[in-house]
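The numbers in the sequence shown follow full-length UniProt numbering, run straight up by one, and end at 178.
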Amino acid sequence: MAKQSGTTKAKETSKSTKTAFSKGDMAVYPAHGVGCIESIESQEINGDTMNFYMMKIVENGMTIMIPTSNVESVGLREVIPETEVPQVYEVMQKKAQACDNQTWNRRYREYMDKIKTGSIYDVAEVFRDLFQLKLEKDLSFGERKLLDTAQNLLVQELSMAKDVDEAHMIKEIENLFN
């Protein structure tokens with residue numbers, strides 16, 4: 001059997017979403033990061049009763065209401081298992097894609113689209129590309145913010161997957177680039 005590229009296989013793996021969560025489950029909401037399903041509530045909207053996951057984002061305490069029927073369309077998914085962490089590291093260690101002829105705002109849009117997919121592998125690509133670009137030249141303000149966002153999203157999920165604190169995970173990620 002031929003080996004698939006890391007990102008293709010990885011993206012397929014990360015797209016598998018759990019469609020039913022329970023109170024207390026940890027999950028990942030695209031572009032916001034890891035959160036805890038604090039409750040499942042019913043609300044009446046336009047005469048219809050709808051069920052919502054009430055998810056509290058770990059990093060900033062923001063609460064997001066997610067219709068239980070829209071889990072797949074919004075990209076809500078489980079935190080990756082620890083066994084997938086090496087695949088994420090592989091993505092980060094690959095050479096960045098050349099983007100010399102693109103303007104910073106075109107790169108910014110492409111990177112933002114990747115972050116919004118909710119795939120940790122796409123986020124890892126954004127982090128890798130921007131981290132490597134930063135070594136070559138100064139990043140624009142928007143690119144610096146995206147680099148920080150990608151790093152925060154990676155650190156949150158990988159530390160949860162490996163059951164280590166975030167400071168340890170930051171050092172582990174830094175070591176990948178040394």
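Don't be surprised by glycine CBs; every beta carbon is placed ideally from N, CA and C.
Within 10 angstroms of the Cβ of residue i, are there 16 or more other Cβ atoms? Answer buried if so, exposed if not.
i      : result
Ala124 : buried
Asp129 : buried
Leu135 : exposed
Ile80  : buried
Leu158 : buried
What are the residues that DSSP puts in a beta bridge with residue i?
i      : result
Asn152 : Bridge partners of Asn152: none, in fact.
Pro67  : Phe52
Arg109 : In the DSSP output, where bridge partners are listed per residue, Arg109 has none listed.
Hey, how far is the Cα of residue i from the Cα of residue j?
i      : j      : result
Leu146 : Tyr121 : 15 Å
Val126 : Gly47  : 43 Å
Pro86  : Ala161 : 11 Å
Val155 : Ile170 : 6 Å
Ile173 : Lys137 : 21 Å
Glu90  : Gly24  : 31 Å
Tyr108 : Gly142 : 7 Å
Arg77  : Asn70  : 12 Å
Thr83  : Asp163 : 12 Å
Asn178 : Lys94  : 13 Å
Report all residues from its chain with a CB closer than 8 Å to the CB of residue i; omit the five preceding and five following residues, and keep chain order.
i     : result
Ile57 : Tyr29, His32, Gly33, Val34, Gly35, Thr63, Ile64
Gly61 : none
Ser42 : Thr49, Met50, Asn51, Phe52
In terms of residues, what are the limits of the beta strand (DSSP E) holding residue i?
i     : result
Val34 : 33 to 45
Ala27 : 26 to 29
Spatial neighbours of residue i within its chain, please: CB distance less than 7 Å, with the 5 preceding and 5 following residues excluded, ordered by chain position.
i      : result
Tyr53  : Phe21, Ile37, Ile40, Ile66, Thr68
Leu139 : Leu130, Leu133, Leu147
What are the boundary residues of the alpha helix (DSSP H) that includes residue i?
i      : result
Ile120 : 120 to 136
Val85  : 85 to 93
Leaving out five residues on either side along the sequence, give the residues of the same chain with a beta carbon under 6 Å from the beta carbon of residue i.
i      : result
Lys116 : Pro30, Ala31
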